[in-house]
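Numbering (our numbering), first residue to last: 767 to 1110.
All residues carry an ideal CB built from backbone N, CA and C; glycine is no exception.
This one's a predicted model, so the numbers in the text were calculated from it and none came from an experiment.
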């Protein structure tokens, strides 16, 4: 029999810090660029269009002696059955033996690693000393984006929350943000972060807010653009998070026309990411994409060239993020004796 560590959401909340998650995701991007980690083809299947689907993301990380996969299932009618609409599960394996190492709840890890990704894109593409952050969307991912941006940027003084469907949700998000956010940020091992110097507010006028936003993170399931090109000021950085299947779109394709574009995975970006529509509509060509985030981190490609440049990071989400953060969680859990052990 083989020992497998099972980690549920409560375990992961105890284990993971945003600071360490960011470091793990950044290292995963680097490993991919250096051909020391590999993303396998993504699988997406609809059981019933618009009602139930699943996707599988898998990868190999030889440096960590790990490979694995994440399965995410979405069943629209589950809430009526008192079940979550979304289930996510990650499996880690030992790449030397093929033995399963860990079974992890993927929802919390996905939230953490996705937040980390948005902030990493901004870290390498945004203007220095960016002060204002606009989050489009007020779901749970907005929470993780804020935690990650505040961990990366010391300069943020104002955070704006805009919900494209319901302003009341943005207000409720802001009202309930402080306590859980402070709790998460206080766990950072070296960079303790607090909201005391940051003003967080809900906004309703998107065009006006964009005029004063240095950083923009889009975290919605939109299929038509929320942000129009004519609203965007010079120097804005976008981390586009929501587009992860074909047809999703959050920002006007025309914004891509003169922007510096970085993606997490080239093939995913042009088929299921925010970059899909601009390429299909002929606004840009594949060659107009500067490169992947790993190449930017390692200095193989240039990022922002001037303070006036508009920059875009298209983060579709790759398995290596999940594997790196899952492996981090497993290491800490093993050390601190957290989780359950089963034998298969």
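Taking DSSP as the reference, what is the three-state secondary structure of residue i?
i	result
residue 919	coil
residue 971	coil
residue 1043	helix
residue 830	helix
residue 854	strand
residue 866	strand
residue 1027	strand
residue 1054	helix
residue 1060	helix
residue 818	strand
residue 924	strand
residue 960	coil
residue 1038	helix
residue 990	coil
residue 1009	coil
residue 947	helix
Compare the beta carbon distance of residue i and residue j with 8 Å and say whether it is the shorter of the two.
i	j	result
residue 1060	residue 798	yes
residue 1112	residue 901	Since the displayed the chain opens at 767 and closes at 1110, residue 1112 lies outside it and no answer follows.
residue 1080	residue 1029	yes
residue 871	residue 773	yes
residue 985	residue 1039	no
residue 983	residue 1005	yes
residue 785	residue 955	yes
residue 834	residue 806	no
residue 1011	residue 930	no
residue 879	residue 1073	no
residue 1037	residue 1014	no
residue 953	residue 783	yes
For the alpha helix (DSSP H) containing residue i, list its first residue and its last residue.
i	result
residue 1097	1085-1102
residue 879	872-891
Taking the alpha carbon of residue i as the point to measure from, which residue in the options has its own alpha carbon closest?
i	options	result
residue 922	880, 965, 881	965
residue 978	1003, 992, 963, 989	1003
residue 855	778, 991, 1045	778
residue 830	1100, 1099, 1091	1091
residue 914	934, 821, 882	882
Need the endpoints of the beta strand (DSSP E) that residue i sits in, please.
i	result
residue 1022	Where residue 1022 is concerned, there is no enclosing beta strand (DSSP E), given that its DSSP letter is neither H nor E.
residue 770	769-773
residue 983	981-984
From the beta carbon of residue i, is the nearest beta carbon of chain D less than 8 Å away?
i	result
residue 1031	Within the model displayed, chain D is absent; a lone protein chain is all it includes.
Within the chosen definition, does the region 954-970 reach the region 989-1008 through at least 3 CB pairs nearer than 8 Å? no
Contact between the region 1049-1058 and the region 1093-1109 (3+ Cβ pairs under 8 Å): no
Whether or not the region 1067-1084 and the region 875-893 are in contact is what I'm after, with contact meaning three or more pairs of Cβ atoms, one per stretch, closer than 8 Å; do they touch? yes
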